[in-house]
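Colleague:
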Amino acid sequence: MESQKQFKRRFSFEFFPPKTDQGKEKLQTVRNQLAEMNPDFFSVTFGAGGSTRDRTIETVVNLHKQGISTAPHLSCVGGTREEIGELLDVYKENGINRIVALRGDLPSGMGASGELRYANELVAFIREHSGDHFALEVAAYPEFHPQARNAEEDLKNFARKVQAGANSAITQYFFNADSYFYFIERLEQMGVTIPVVPGIMPIVNFSSLVRFSDMCGAEIPRWIRKQLEAYGDDTVSIRKFGEEVVTNMCETLLKAGAPGLHFYTLNQAEPSLSIWKNLGISDREKIAF
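Numbering-wise, numbering that gives the first Met the number 0 puts 86 at position 87 of the sequence shown, and it's gapless, one number per residue.
1) Considering Cα atoms alone, identify which of 16, 155, 208, 99 is closest to residue 165.
2) Would you kindly report the start and end of the unbroken beta strand (DSSP E) that includes residue 270?
3) Identify, in the order they occur along the chain, each residue of the same chain with its Cβ nearer than 6 Å to the Cβ of residue 6, setting aside the five sequence neighbours on each side.
4) Thinking C-alpha only, which one of 176, 274, 16 is nearest residue 246?
5) Please list the segments of the alpha helix (DSSP H) lying wholly inside the stretch 152 to 233, counting only runs of 4 or more residues, in order along the chain.
6) Pull the bridge partners of residue 73 from the DSSP assignment, please.
7) Taking residue 261 as part of the beta strand (DSSP E), name the residues at either end of that continuous run.
8) What is the DSSP secondary structure of residue 116, reduced to helix, strand or coil?
9) State the start and end residues of the unbroken beta strand (DSSP E) segment that holds residue 9.
10) Measuring CA to CA, which of 34, 236, 42 is closest to residue 134?
11) May I ask you to report which of helix, strand or coil DSSP gives residue 240?
12) When the Cα atoms are used, what is the spatial distance from residue 74 to residue 242?
13) How about residue 154 and residue 189: do their beta carbons lie closer than 8 Å?
14) Hey, could you find the ends of the alpha helix (DSSP H) residue 255 is sitting in?
15) Determine whether the beta carbon atoms of residue 256 and residue 0 lie at a separation below 8 Å.
16) Count the C-beta pairs between the stretch 175 to 183 and the stretch 139 to 155 that are closer than 8 Å, then say yes if the count reaches three, no if not.
17) Which residue wins for smallest C-alpha separation from residue 17, given the options 55, 36, 9?
18) Assuming residue 40 contacts residue 69 under a Cβ cut-off of 8 Å, what Cβ separation, rounded to an integer in Å, is found between them?
19) Please state whether DSSP places residue 123 in a helix, a strand or coil.
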């Protein structure tokens with residue numbers, strides 16, 4: 000973890016682009032609540048194959064104009080170089096200076112992956128097209144990407160993204176801090192030393208968590224899964240237990256030198272805010288870690 004201690008800590012929150020006017024109103028309320036924490040940036044997801052393209056652009060530009068840097072997710076699956084270049088130009092014209100560059104998922108029914116197949120190719124293209132205008136975030140998988148052939152190949156894939164020009168990384172969420180520590184140790188052995196910020200998923204709904212985790216390959220440790228199962232439909236107990244588990248893990252990560260936290264909010268403020276306040280990071284210059 001020594002390589003991570005050199006980096007300035009940063010904190011961020013992730014949203015998805017709302018589909019309805021009601022969803023937009025809710026996100027605005029959530030944004031205002033989280034903005035009070037003075038995060039370094041917000042990020043906004045990009046649907047499989049660019050399915051939320053216009054909504055992502057609208058959400059990013061709107062949030063960015065309100066005073067906190069906002070980073071769009073950008074995936075290369077299903078897109079051409081020309082289309083991706085146009086998107087980059089739109090973001091640059093609107094003052095966006097950070098992008099989360101991802102391979103992305105192929106929507107069902109889509110046969111071709113597009114001109115750029117992997118995230119490292121997308122990073123290289125962004126650098127070719129826009130130079131150093133954008134700070135580029137890439138994804139990291141402490142428990143390894145579910146589609147990776149093996150752990151070693153996944154580490155090499157991550158290194159390729161860094162070599163292509165990535166500035167920093169955000170991890171898939173996890174509930175086992177040791178997986179993060181091991182991932183960082185392996186990167187250090189490979190000479191890869193960019194900030195790798197842990198992605199944090201608050202626990203608010205057991206069935207949704209299981210569904211998300213099965214899709215993205217994030218492991219729910221047996222002891223956590225069994226306790227959540229035991230609570231059944233007792234949402235108050237699920238949230239209380241989840242808040243305690245995730246807060247403790249965040250404390251462990253920060254004490255060990257993790258360069259910040261990135262919260263997957265699912266467009267809800269309170270679960271992330273509760274963890275944030277438990278950690279005492281309202282004033283980030285006085286973090287007691």
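Even for Gly, the Cβ is constructed at its ideal location relative to N, Cα and C.
Modeller: Quick look at the numbers:
1) Taking the first residue of the sequence shown as 1, we reach residue 165 at position 166. When C-alpha distances from residue 165 are compared across 16, 155, 208, 99, the shortest belongs to 99.
2) Taking the sequence shown and counting its residues from 1, one reaches residue 270 at position 271. Careful: residue 270 lies outside any beta strand (DSSP E), inside the alpha helix (DSSP H) at 269 to 278.
3) Within the sequence shown, residue 6 is the residue found at index 7, counting from 1. A distance below 6 Å between beta-carbons, with the five flanking residues on each side excluded, links residue 6 to the following residues of its chain, in chain order: 194, 258.
4) Numbered from its first residue, the sequence shown carries residue 246 at position 247. Of the listed residues, the one whose Cα sits closest to residue 246 is 274.
5) If only complete runs of 4 or more residues are kept, the stretch 152 to 233 shows the alpha helix (DSSP H) at 176 to 189, 205 to 215, 221 to 230, in order along the chain.
6) The residue given as residue 73 occupies position 74 in the sequence shown. When DSSP reads this structure, residue 73 sits in a beta bridge with 100.
7) Counting from one through the sequence shown, the residue named residue 261 turns up at place 262. According to the DSSP assignment, residue 261 belongs to the beta strand (DSSP E) that extends over 259 to 263.
8) Start at 1 with the first residue of the sequence shown, and residue 116 comes out as number 117. The three-state secondary structure of residue 116, taken from DSSP, is coil.
9) On the sequence shown, residue 9 is found 10 positions in, with the first residue counted as 1. Taken as a continuous stretch (DSSP letters only), the beta strand (DSSP E) holding residue 9 covers 9 to 14.
10) Residue mapping note: residue 134 aligns to position 135 of the sequence shown, counting from 1. The residue from 34, 236, 42 with its alpha-carbon nearest to that of residue 134 is 42.
11) Taking the sequence shown and counting its residues from 1, the one referred to as residue 240 is at position 241. When secondary structure is reduced to three states using DSSP, residue 240 falls in the helix class.
12) Locating residue 74 in the sequence shown gives position 75, where the first residue counts as 1. Locating residue 242 in the sequence shown gives position 243, where the first residue counts as 1. Here the alpha carbons of residue 242 and residue 74 stand approximately 31 Å from one another.
13) The count along the sequence shown starts at 1 and reaches residue 154 at position 155. The count along the sequence shown starts at 1 and reaches residue 189 at position 190. Their beta carbons are under 8 Å apart, which means residue 154 touches residue 189 by this criterion.
14) Position 256 of the sequence shown holds residue 255. Per DSSP, residue 255 lies in no alpha helix (DSSP H) segment and is marked neither H nor E.
15) Residue 256 sits at position 257 when you count from the first residue of the sequence shown. Residue 0 sits at position 1 when you count from the first residue of the sequence shown. Closer than 8 Å, so yes.
16) Yes, they touch.
17) Within the sequence shown, numbered from 1, the residue matching residue 17 stands at position 18. Closest option to residue 17, Cα to Cα, is 55.
18) As a position in the sequence shown, residue 40 is number 41, starting the count at 1. As a position in the sequence shown, residue 69 is number 70, starting the count at 1. About 6 Å; that satisfies the 8 Å criterion.
19) Counting from 1 along the sequence shown, the entry for residue 123 is found at position 124. Reduced to three states, the DSSP call for residue 123 is helix.
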